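Participant: Chains as they are written, first to last, in my numbering: chain A, 3 to 357; chain B, 3 to 357.
There are 2 protein chains.
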Amino acid sequence: MPALDAFPRKVWNRIAGHRLRTGEPLAMAYPDPAGYGPLRERIATYLGLSRGVACLPEQVFVTAGYRATLELVLRSLATPDDVFWFEDPGYLQAQLFLRNAGAKLAPVPVDGHGLMVEEGVRRAPDARFALVTPSHQSPLGVTLSLERRMALLEWAGKAGSWIIEDDYDSEFRYQGRPLPALKSLDRADRVIYCGTFSKVMFPGLRLSYVVVPLGAVQRFHAVCASLNAGCPYLFQAGVADFIAQGHFSRHLKRMRLLYAERRAVFVRALEQVFGNRLQIELQPGGLHIVAGLAAHEDDVLMAERARAAGFGIKSLSSWYLDNEPQRGLLLGFANVADAAMAKRLALKLKKAMEG
Amino acid sequence: MPALDAFPRKVWNRIAGHRLRTGEPLAMAYPDPAGYGPLRERIATYLGLSRGVACLPEQVFVTAGYRATLELVLRSLATPDDVFWFEDPGYLQAQLFLRNAGAKLAPVPVDGHGLMVEEGVRRAPDARFALVTPSHQSPLGVTLSLERRMALLEWAGKAGSWIIEDDYDSEFRYQGRPLPALKSLDRADRVIYCGTFSKVMFPGLRLSYVVVPLGAVQRFHAVCASLNAGCPYLFQAGVADFIAQGHFSRHLKRMRLLYAERRAVFVRALEQVFGNRLQIELQPGGLHIVAGLAAHEDDVLMAERARAAGFGIKSLSSWYLDNEPQRGLLLGFANVADAAMAKRLALKLKKAMEG
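1) Leaving aside the five residues before and after Val-214/A along the sequence, list all residues of the same chain whose C-beta is less than 7 Å from its C-beta, in chain order.
2) May I have the straight-line CA-CA distance separating Leu-303/A from Leu-318/A, to the nearest angstrom?
3) Which term fits Arg-201/B, buried or exposed, when burial requires 16 or more other beta carbons within 10 angstroms of its beta carbon?
4) 9 Å is my cut-off, CB to CB: does Tyr-235/A come that close to chain B?
5) Since Cys-196/A is in the beta strand (DSSP E), which residue starts that stretch and which ends it?
6) Just grab the DSSP bridge partners of Arg-175/A for me.
7) Scan the stretch 103–169 of chain B and note each continuous beta strand (DSSP E) run of 3 residues or more that stays entirely inside, going in chain order.
8) Quick check on this structure: which residue in Val-85/B, Ser-140/B, Val-338/B and Pro-10/B has the alpha carbon closest to the alpha carbon of Pro-127/B?
9) Taking Trp-87/A as part of the beta strand (DSSP E), name the residues at either end of that continuous run.
10) Of all Cβ atoms in chain A, is any one closer than 9 Å to the Cβ of Arg-77/B?
11) Below 7 Å on C-beta distance, what does Pro-27/A contact in chain C?
12) Where does the unbroken beta strand (DSSP E) through Thr-65/A begin, and where does it stop?
13) What is the DSSP secondary structure of Tyr-93/B, counted as helix, strand or coil?
14) Would you kindly work out how many angstroms separate the C-alpha atoms of Leu-72/A and Thr-145/A, rounded to a whole number?
15) Quick one: Cα of Val-134/B to Cα of Ser-172/B, how far?
16) Would Arg-208/A count as contacting chain B if we go by Cβ distances under 9 Å?
17) Report the neighbours of Phe-313/A on chain B: residues whose CB is nearer than 7 Å to its CB, in chain order.
18) Please check the pair Ala-103/A and Phe-88/A, which I expect to be a contact at CB under 8 Å, by giving their CB distance rounded to whole angstroms.
19) So does the stretch 43–56 of chain B actually touch the stretch 239–254 of chain B, counting three or more Cβ pairs closer than 8 Å?
20) Just to confirm before moving on: does the CB-CB distance between Phe-237/A and Leu-260/A stay below 9 Å?
21) For chain B, is any of its Cβ atoms less than 9 Å away from the one on Phe-204/A?
22) Can you pull out the residues from the stretch 246–270 of chain A whose beta carbon lies closer than 9 Å to at least one beta carbon of chain B?
23) Give the DSSP-derived three-state secondary structure of Gly-39/B in the structure shown.
24) Where does Gln-220/B fall in DSSP's three states?
25) Please state if the CB of Asp-90/B and the CB of Asp-301/B are separated by a distance shorter than 9 Å.
26) Could you tell me whether the Cβ atoms of Arg-264/B and Ala-5/B are closer together than 9 Å?
27) Apply the 10 Å Cβ neighbour rule to Lys-160/A and answer buried if 16 or more other Cβ atoms are within range, or exposed otherwise.
28) Looking at the secondary structure, which residues open and close the beta strand (DSSP E) in which Val-213/B lies?
29) So with CB distances below 8 Å, who are the chain A contacts of Leu-22/B?
30) Could you work out which residue in Ala-105/B, Arg-101/B and Pro-136/B is closest to Met-118/B when comparing CA atoms only?
31) Can you check which of these residues, Arg-192/B, Gly-294/B and Gly-19/B, is closest to Asn-15/A by C-alpha distance?
32) Classify Gly-312/A as helix, strand or coil using the three-state DSSP reduction.
33) By how many angstroms is the C-alpha of Pro-35/A removed from the C-alpha of Val-292/B?
34) Ser-186/A and Gly-54/A: beta carbons closer than 9 Å?
35) Does the separation of the CB atoms of Leu-331/A and Leu-284/A fall below 9 Å?
36) Using 9 Å as the threshold, is the C-beta distance between Val-219/A and Thr-65/A below it?
Written as structure tokens, this is what we have:
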């Protein structure tokens with residue numbers, strides 16, 4: 003969850019209220035299943051400037067969230083029993099979604115340089131898809147190295163496979179400049195690029211997007227028309243205005259500073275309260291802290307207890323598939339407003355974890 | 003498309019604007035995948051009063067449209083290769099959706115009393131699903147007879163199969179009182195009831211709903227959480243207010259009168275312009291006219307020409323699966339504002355159809 007307290011609500015309400023009052027007829031009709039044209043243009047421009055992704059607005063499809071994106075991609079390109087490389091550990095919700103959809107997952111381990119591409123090639127050379135988080139590995143936060151990026155693209159080109167790049171949280175990087183997206187290196191057009199407004203604006207919008215290869219645009223059009231996946235016009239138009247009027251980039255800049263600060267404050271409080279029990283290694287970006295625990299600790303039980311006490315905390319070991327799981331906690335810090343709150347939360351968390 | 007000109011936009015804008023300004027924190031967070039609680043309550047009450055459907059709010063799931071409903075139902079209850087009874091002719095979009103989803107369709111013919119249930123039992127006794135439009139058959143507009151309703155429920159009870167009732171357009175009935183939904187007779191809880199706000203409010207909302215059997219509520223919860231299918235809070239809260247403040251039932255009452263009038267006016271103009279060429283038999287309700295053509299006429303070509311000229315017209319024969327197709331046109335009348343417009347449209351249509 004992003005820092006809802008820091009979102010410029012008044013600006014947003016003014017923009018959305020204006021769109022509501024002007025009452026274009028478009029607002030009432032069935033929305034374009036591919037997305038509102040001007041928003042698709044804004045996204046294409048933003049991705050070019052900020053993520054190094056060169057794409058046409060026609061390649062951008064607006065969806066109702068990351069899982070709606072996956073649904074659209076699967077319906078457009080996958081056949082039953084297709085094998086997916088899946089990061090191990092990797093994004094739990096995506097894992098559940100793919101399994102529900104009948105996909106076969108080939109777990110590929112992750113180390114300090116991201117997905118171990120060689121291992122993927124060795125274990126499942128013929129996979130049709132690789133679902134990856136190159137900017138900020140989910141959940142470990144590491145960045146996929148340039149060498150591995152090139153190896154991944156080379157494999158996909160040779161195998162004729164698709165890389166689904168989930169570029170979540172790439173906007174929030176606190177050390178150095180953000181790395182361009184994997185998609186920016188994609189000469190052979192094998193990468194399907196996924197982004198979302200859930201974290202950079204707010205999740206209640208239900209707006210995400212996907213950039214699809216030029217050769218697949220028609221297929222995606224047909225599928226999203228058959229899924230009737232259009233998102234409400236009001237929010238799409240509102241986001242387009244929010245970007246066009248410069249609020250989006252201002253908000254991102256402010257949030258980068260704010261999140262860096264909130265993370266530092268929360269880490270300090272956690273270290274004070276937990277001492278060496280939590281092993282916190284800061285990653286370059288993202289909205290959560292990975293706090294390692296000793297192998298004998300039961301992170302699943304701890305996370306359960308923390309959730310019962312109202313924390314939105316996850317256990318690291320649950321995100322593993324085959325790889326020997328590391329124990330740890332995934333702690334969001336976006337809504338930790340100040341040092342006093344950080345201290346209070348850390349103490350409450352410690353108490354909750356001890357049951 | 004409903005009559006957008008007759009929708010109380012100002013009321014709606016006031017309600018949505020109010021919700022926007024009050025800025026509940028809920029509006030920004032991830033929406034409840036099952037739907038906004040108060041809206042689910044309003045829907046349950048409305049269905050009890052207007053459609054004879056007794057259900058708890060917990061059984062109501064809010065979705066982003068009819069196809070999102072089908073997605074949720076299929077993911078919750080279907081397995082690959084399940085056979086679906088499908089009305090022949092039947093709703094084209096649903097047919098495409100189900101085929102895309104890998105469902106096997108068993109076409110069941112429709113006559114003046116609706117779906118020929120006996121034929122279904124004879125042809126595909128072991129089907130897992132029957133997708134039906136009992137109130138207003140799509141596209142023929144006939145009503146499923148009470149005898150066939152009972153036979154259908156009996157078959158589903160014995161076979162352990164599910165009936166998906168698409169109750170679209172049931173609110174718009176111009177002759178006699180609306181028949182209660184099939185679901186109102188469903189003692190064995192085999193009916194999954196589907197409704198939508200696209201026609202009774204406006205399609206840009208992207209809000210539909212499904213009432214699921216009590217025994218399936220948990221499964222639906224798990225699936226809609228995994229699909230991350232929540233709809234934006236603002237519109238759900240707005241619709242809940244629109245119902246609670248009495249605007250919804252007032253609007254429905256007004257629209258019933260208005261649509262009856264618009265239909266009569268358009269039929270008159272069509273008869274004047276086309277004479278006997280179009281065979282129009284008025285059905286009890288709905289938002290389109292079925293205009294039959296002689297067997298030698300090419301309705302597909304005519305509809306294509308009409309669409310090229312800007313009409314949203316469909317060819318009846320395209321909605322058939324195996325059954326010997328009738329030729330005809332499906333003509334929406336909701337936005338035909340008056341006699342002059344009706345005449346103009348009829349003339350323009352005639353010209354377009356002649357190429």
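Where a beta carbon is used, it is the ideal one built from N, C-alpha and C, also for glycine.
It should be emphasised that the depicted structure is a prediction, and the values quoted were computed from it without experimental measurement.
Facilitator: Working from what's here:
1) Translated into positions along the first sequence, residue 214/A becomes position 212. Answer for Val-214/A: Gln-61, Phe-63, Ile-194 and Phe-222, listed in chain order.
2) Within the first sequence, residue 303/A is the residue found at index 301, counting from 1. Within the first sequence, residue 318/A is the residue found at index 316, counting from 1. Taking the straight line from one Cα to the other gives about 11 Å.
3) For this step, residue 201/B is matched to residue 199 along the second sequence. Looking at the sequence itself, residue 201/B is Lys, so the reference to Arg does not match. Buried is the call here.
4) Position 233 of the first sequence, counted from the first residue, corresponds to residue 235/A. Yes, its Cβ sits closer than 9 Å to a Cβ of chain B.
5) Translated into the one-based positions of the first sequence, residue 196/A becomes position 194. Its beta strand (DSSP E) spans residues 193–198.
6) Your numbering for residue 175/A matches position 173 in the first sequence. Note: Arg-175/A sits in a beta bridge opposite Gly-287/A.
7) 106–113, 131–134 and 164–168
8) Here residue 127/B refers to the residue found at position 125 of the second sequence. Cα-wise, what sits closest to Pro-127/B is Val-85/B.
9) The residue given as residue 87/A occupies position 85 in the first sequence. Per DSSP, Trp-87/A belongs to the beta strand (DSSP E) from 85–90.
10) Start at 1 with the first residue of the second sequence, and residue 77/B comes out as number 75. Yes - at least one Cβ of chain A is within 9 Å of the one on Arg-77/B.
11) The structure shown has no chain C; the protein chains it does contain are A and B.
12) Counting from 1 along the first sequence, the entry for residue 65/A is found at position 63. Unbroken beta strand (DSSP E) run through Thr-65/A: 62–65.
13) Counted from its first residue, the second sequence places residue 93/B at position 91. Correct three-state label for Tyr-93/B: coil.
14) As a working mapping, residue 72/A is identified with position 70 in the first sequence. As a working mapping, residue 145/A is identified with position 143 in the first sequence. Roughly 22 Å separates the two Cα atoms.
15) The sequence position of residue 134/B within the second sequence is 132, counting from 1. The sequence position of residue 172/B within the second sequence is 170, counting from 1. About 13 Å.
16) For the purposes of this step, residue 208/A is identified with residue 206 of the first sequence, where counting begins at 1. Interface residue, yes.
17) Against the first sequence, residue 313/A aligns to sequence position 311. Going along chain B, no residue has its Cβ under 7 Å from Phe-313/A, so there is no contact; the nearest lies around 15 Å.
18) Numbered from 1 along the first sequence, position 101 holds the residue referred to as residue 103/A. Numbered from 1 along the first sequence, position 86 holds the residue referred to as residue 88/A. With 8 Å as the limit, Ala-103/A and Phe-88/A do not qualify as a contact, their Cβ atoms being about 13 Å apart.
19) yes
20) Along the first sequence, one-based indexing puts residue 237/A at 235. Along the first sequence, one-based indexing puts residue 260/A at 258. Contact: no.
21) The residue given as residue 204/A occupies position 202 in the first sequence. By this cut-off, Phe-204/A is an interface position.
22) none
23) Numbered from 1 along the second sequence, position 37 holds the residue referred to as residue 39/B. It is helical.
24) Working through the second sequence from its first residue, we reach residue 220/B at position 218. It is helical.
25) If you number the second sequence from 1, residue 301/B lands on position 299. If you number the second sequence from 1, residue 90/B lands on position 88. Going by C-beta atoms, Asp-301/B is not nearer than 9 Å to Asp-90/B.
26) As a first step, residue 264/B must be located in the second sequence, where it is residue number 262. As a first step, residue 5/B must be located in the second sequence, where it is residue number 3. In contact: Arg-264/B and Ala-5/B (Cβ atoms closer than 9 Å).
27) Mapped onto the first sequence, residue 160/A falls at position 158. By the neighbour-count rule (16 or more Cβ atoms within 10 Å), Lys-160/A is not buried but exposed.
28) The residue labelled residue 213/B in the question sits at position 211 within the second sequence. Element bounds for Val-213/B: 210–213.
29) Here residue 22/B is taken as the residue at index 20 of the second sequence, counted from 1. Those within 8 Å of Leu-22/B in chain A are Asn-15, Ala-18, Gly-19 and Leu-22.
30) On the second sequence, residue 118/B is found 116 positions in, with the first residue counted as 1. It is Pro-136/B.
31) Taking the first sequence and counting its residues from 1, the one referred to as residue 15/A is at position 13. If we check each option's Cα against that of Asn-15/A, Gly-19/B comes out closest.
32) Here residue 312/A refers to the residue found at position 310 of the first sequence. Residue state, collapsed to three classes: coil.
33) Locating residue 292/B in the second sequence gives position 290, where the first residue counts as 1. Locating residue 35/A in the first sequence gives position 33, where the first residue counts as 1. Approximately 27 Å, taken between the alpha carbons.
34) The count along the first sequence starts at 1 and reaches residue 186/A at position 184. The count along the first sequence starts at 1 and reaches residue 54/A at position 52. Contact: yes.
35) Within the first sequence, the letter at position 329 stands for residue 331/A. Within the first sequence, the letter at position 282 stands for residue 284/A. Not a contact, by the Cβ cut-off of 9 Å.
36) As a first step, residue 219/A is located in the first sequence; it is residue number 217 there, counting from the start. As a first step, residue 65/A is located in the first sequence; it is residue number 63 there, counting from the start. Against a cut-off of 9 Å, the Cβ pair of Thr-65/A and Val-219/A comes out as no contact.
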